[in-house]
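Here's the structure, in structure tokens; my notes come after.
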Amino acid sequence: MLPPGGVRKGVASCGGPLRICTWPLPYYIHSRRKTFCSNQLVPSRWQHTARNGHTSTQSLIQPISLQRRNLRANSSLARAKVVARKGHTPHQPVSKPAISGTTGVGDDAQSILLANSPRASELSKEIARLGKLQSDYYDALSRHRQSDVLWLTWEERREVPSSSVNGWITRPQGSRNPKRYGISLQNVFVPQVLGCISDINVRKKIVSWEQDTCKDLAPLFKEMVMSRAKVARLAGFKSYFDYRSQKKMMDTKSVELFLKNLKSQIAPQTDTFMGSALEQKMQALDYDFTIKKLRSKLRPGKTIRDYQLHEPEAQINRGDLAYYHGQKTGSFFAPKSPEDPDFSDYFPADHTVRSLLKFFGVLLGMSFQEILPGHESYQALVTLYLENQGLTARFAEELDIFYVYDTTALTGPLGFLVLDLKERDGKAREIFCTTFGHYVISYGDAQRRVQVPGIAIVSTYNRAGPKKPTLLTHSNIEAFAHELGHAIHRLAHGSKGTNDPRDFVEIPSIMAEFWAHDPHVLQRISCHYTYLKPEYLIGWKDSWKEKHSSKNLPPQPLRKPPLEMFSEIAFIRHPQHDLYSTLDLLWKSMLDLSIHSSSEEELRSMDIGVGCRQILDEWTGIFTPFDGKGESQNNSYLHWTILKNYDTSAYCYLLAKVYTYDLWFKHFAKNPFNQRAGRRYRKIVLEHHDTPVSWNPIRNLFNFLLWKAFGVPRTHMEALAKFMGRKPNSKMFITALKAPANRNQTFWRRVRIRLGSMLFGIGEN
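Under the UniProt record's numbering, the first residue of the sequence shown carries the number 1, and numbering increases by one thereafter.
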């Protein structure tokens with residue numbers, strides 16, 4: 001055990017006694033703090049006082065007493081000794097009618113306006129009814145996810161590597177045949193399975209099951225969206241999409257225009273992508289087929305689409321597209337020879353995670369100080385997190401805790417970060433970021449008190465062995481960077497809390513993915529696992545001898561790989577090779593817009609399953625498998641997570657993908673270590689709070705003059721425009737999409753990589 005105050009080597013201590021704060025935080029402490037640019041380090045002696053999320057429903061505390069399910073975005077913990085108040089459970093949610101699982105209706109300005117309206121009573125009843133419908137629907141969906149299983153034989157699933165699929169049921173309780181394997185929506189990422197299966201009929205079987213497994217929930221879903229439309233009508237809006245757009249960057253017409261423009265802009269690349277998949281499928285069926293030959297045989301006025309409508313074998317479904325997309329962008333990081341080190345060998349989990357924290361900390365002006373189990377504050381923080389998650393104390397040693405503070409100014413602590421990354425029984429097979437509480441801490445000689453969030457990133461990495469650590473694939477690194485982007489966004493807000501538009505929240509996380517794809521950054525955070533512990537080196541030697549008993553032992557791999565090892569990263573990141581995801585998001589975004597911009601009367605006569613199939617067909621060119629009975633439907637929408645977490649905002653991922661290309665290539669593509677741009681990005685974009693619309697016209701005029709005279713942004717869109725020097729647009733994304741996507745690096749690209757290595761000192765540790 002380390003003595004109190006002990007921390008990991010190279011990490012400063014945040015000593016100082018902890019005191020319990022038992023009084024509510026006064027409102028004036030939440031006001032905007034003055035910041036002073038300074039190169040001084042944060043004062044060495046900090047005094048921290050933390051308390052659990054306050055359970056009072058007073059309006060004073062409501063902005064910070066948010067329900068955990070409503071806070072998907074960010075997380076952090078503390079390097080302070082935290083003690084919960086007696087009789088209080090950490091982070092109890094405020095009892096308020098919630099709508100859509102993302103934000104309470106009671107928070108909307110329109111609800112306040114209707115407080116004394118004759119329709120207020122009817123609106124209140126409909127909000128309560130909607131909450132009940134949503135609860136019933138997602139409870140039923142959860143049961144479906146757990147019980148619905150598609151059984152496959154060994155021959156049908158033999159191409160799917162066990163390491164890439166979590167949740168294969170090898171000895172299912174519901175089957176007497178031990179050679180059958182089951183997949184369920186609960187444990188399996190279906191596109192990942194489809195991307196491995198070459199048998200056309202098996203792919204069709206999986207797609208048909210996936211789109212119809214929850215179809216009995218369609219009436220309840222329709223009743224739920226009709227209730228949403230009624231709430232919007234009673235609140236004085238044309239549609240539920242308009243109602244929810246009051247707190248977003250884009251209104252309904254802007255979203256529709258954005259999606260239509262994007263569809264037309266990517267149409268040439270989509271046609272090429274679909275044509276390539278069609279060629280591969282027809283050749284797999286032993287046809288002498290190319291797109292060029294087909295076009296020469298078509299009658300005048302006929303298109304490839306007409307040919308597919310009359311030839312069912314030529315129809316491309318989502319399973320076909322997932323497989324051929326996977327074949328094109330598949331296992332690039334496999335060793336090129338048995339002697340070559342694997343990509344994952346350079347990314348042990350503990351080292352990679354801490355290196356990413358250090359990298360983003362330096363870039364954005366933040367410091368992540370780790371609290372070790374021997375520190376007096378560790379156990380108190382762990383207790384609060386475990387109680388909030390409903391876990392027992394035996395999981396305490398699996399957590400890594402970091403105290404986060406600002407290094408760019410005298411603004412003090414930003415919050416606490418918990419990493420709960422190890423697998424255990426009953427843990428969800430996913431990675432996500434969650435806020436588990438808010439805490440008051442006092443620091444500095446003046447004993448300033450601020451309220452900061454407690455944030456956790458949760459995942460299920462395999463446990464390390466005695467001779468080999470947990471190793472991360474590139475997709476693991478990308479996913480962690482995505483969730484870390486959410487966490488940093490919340491931490492950047494610090495004591496001010498976040499109430500960002502739903503169509504903005506994915507921009508910081510997808511922006512963070514760009515750094516996880518940059519070869520220079522990957523080389524900076526890499527380290528071959530044999531350099532971490534002597535036991536790992538011995539294990540590596542023993543493993544190599546077992547596989548190559550007749551060969552001499554090669555020298556230990558390099559500590560850091562050469563930049564050429566990451567040459568495939570640019571190929572993978574190219575938007576042409578992400579078209580499968582883009583088309584999938586375009587489909588889901590358009591369906592979300594279609595159902596939530598419809599009125600009650602329009603929804604009453606709408607068959608959502610048919611509409612889902614039509615949008616998939618018309619907007620992406622992808623067909624839905626059909627058994628010939630009745631009208632063709634696609635009921636996949638019934639289990640889309642995006643419609644639960646981002647109803648009326650499903651387009652936020654597409655918007656973030658397009659805008660982050662603009663942000664990245666404007667400020668970071670040439671130098672991903674640009675601290676000046678990184679800290680401007682944090683101050684202008686990540687820390688921005690929308691200026692509330694006031695009913696006082698003088699106040700609104702004052703805010704307008706501040707924006708025009710001094711560039712003080714009022715909205716997130718204006719904050720993005722200030723950082724960019726103009727409004728963000730899709731020009732850079734389309735330019736990147738049209739650029740050649742060759743796996744082989746050109747001469748000048750190799751020169752740029754070499755120059756970047758010399759300029760940024762990547763080879764140095």
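Think of the CB as a built atom: it goes at the ideal place given N, C-alpha and C, for glycine as much as any other residue.
Worksheet item: D592 and T648 look like a contact to me (Cβ under 8 Å); what is the Cβ gap, rounded to whole Å?
Response: 6 Å
Fill in: Outcome for P161 when other beta-carbon atoms lying within 10 angstroms are tallied against a minimum of 16
exposed
Worksheet item: Excluding sequence positions up to five away, which residues of its chain have a Cβ less than 8 Å from the Cβ of T582?
Response: I266, P575, L654, K657
Worksheet item: Is it buried or exposed for L309, if we count other Cβ within 10 angstroms and need 16 for buried?
Response: Under this definition L309 is an exposed residue.
Practice prompt. Using a threshold of 8 Å, state whether the C-beta atoms of T660 and I507 are closer than that.
Written response: yes
Fill in: For D251, the residue or residues it bridges with in DSSP
Answer by DSSP bridge pairing: none, since D251 is not bridged.
Fill in: Residue(s) in a DSSP beta bridge with V202
In the DSSP output, where bridge partners are listed per residue, V202 has none listed.
Discussion item. Taking 7 Å as the limit between beta carbons, can you name the residues of its chain near D518, skipping five residues before and five after?
Written reply: Within the same chain, D518 has close Cβ partners P672.
Fill in: For V404 and R305, the rounded distance between their alpha carbons
55 Å
Worksheet item: Quick one: is the Cβ of Q451 within less than 7 Å of any heavy atom of the ligand ZN?
Response: As far as ligands go, the structure on display features none, and thus does not contain the ligand ZN.
Worksheet item: Which class does S543 belong to by DSSP, given the choice of helix, strand or coil?
Response: helix
Worksheet entry | 8 Å CB neighbourhood of L220 in its chain, flanking five on each side removed | L133, D136, Y137, A140
Item to complete: Sort S142, L123, I197, M366 by Cα distance to W154 and report the nearest one.
Response: I197
Discussion item. Using 8 Å as the threshold, is the C-beta distance between G361 and G195 below it?
Written reply: no
Practice prompt. If I'm right that E370 touches D400 with Cβ under 8 Å, what's the distance once you round it to whole angstroms?
Written response: In this structure E370 touches D400 by the C-beta definition: roughly 7 Å separates them, less than 8 Å.
Practice prompt. Compare the Cα-Cα distances from Q523 to each of F359, E600, S459 and report the closest residue.
Written response: F359
Worksheet item: Taking just the CA atoms, how far does D212 sit from I698?
Response: One C-alpha to the other measures close to 56 Å.
Fill in: Contacting residues, own chain, Cβ-Cβ under 7 Å from R559 (five flanking each side not counted)
So the qualifying residues of the chain are C527, H528, Y531.
Worksheet item: Is it true that the region 602-621 meets the region 446-466, where meeting means three or more beta-carbon pairs spaced less than 8 Å apart?
Response: no
Worksheet entry | Residues sharing a beta bridge with H438, DSSP | P453
Fill in: Test item: CB-CB of R318 and I622 under 8 Å
yes
Worksheet item: Mapping DSSP to helix, strand and coil, what is I431?
Response: coil
Worksheet item: H486: which of Q389, W619, I510, L537 sits nearest, CA to CA?
Response: Out of Q389, W619, I510, L537, I510 has the C-alpha closest to the C-alpha of H486.
Item to complete: Would you mind sorting K422 into buried or exposed? The rule is 16 or more other CB atoms within 10 Å of its CB.
Response: buried
Worksheet item: Cα-Cα, which of K727, Q192, K238 is closest to S598?
Response: When each option's Cα is compared against that of S598, the closest is K238.
Worksheet entry | Alpha-carbon spacing of T460 relative to S121, whole angstroms | 46 Å
Practice prompt. For S442, count neighbouring Cβ atoms within 10 angstroms of its own Cβ and tell me buried if that reaches 16, exposed if not.
Written response: buried
Item to complete: Report buried or exposed for R143, applying the criterion of at least 16 other Cβ atoms within 10 angstroms of its Cβ.
Response: exposed
Worksheet item: When we look at the beta-carbon of D216 and count the other beta-carbons within 10 Å, is it buried (16 or more) or exposed?
Response: exposed
Practice prompt. Would you grab the beta carbon distance between A316 and K281 for me? Rounded to a whole angstrom, and I think it's under 8 Å.
Written response: Reading off the sequence shown, one finds Ile at residue 316, where the question assumed Ala. Your pair I316 and K281 checks out as a contact, with CB atoms roughly 7 Å apart and the cut at 8 Å.
Fill in: Assigned exposure category for K125 - 16 Cβ within 10 Å defines buried
exposed
Worksheet item: To which residues of the same chain is M732 closer than 6 Å at the C-beta, ignoring the five residues directly before and after it?
Response: Y661, D662, F665
Worksheet item: To the nearest whole angstrom, what separates the beta carbons of A229 and L705, a pair I think is in contact under 8 Å?
Response: With a Cβ gap of about 39 Å, A229 and L705 do not count as contacting.
Worksheet item: First and last residue of the beta strand (DSSP E) that includes E370?
Response: 366-371
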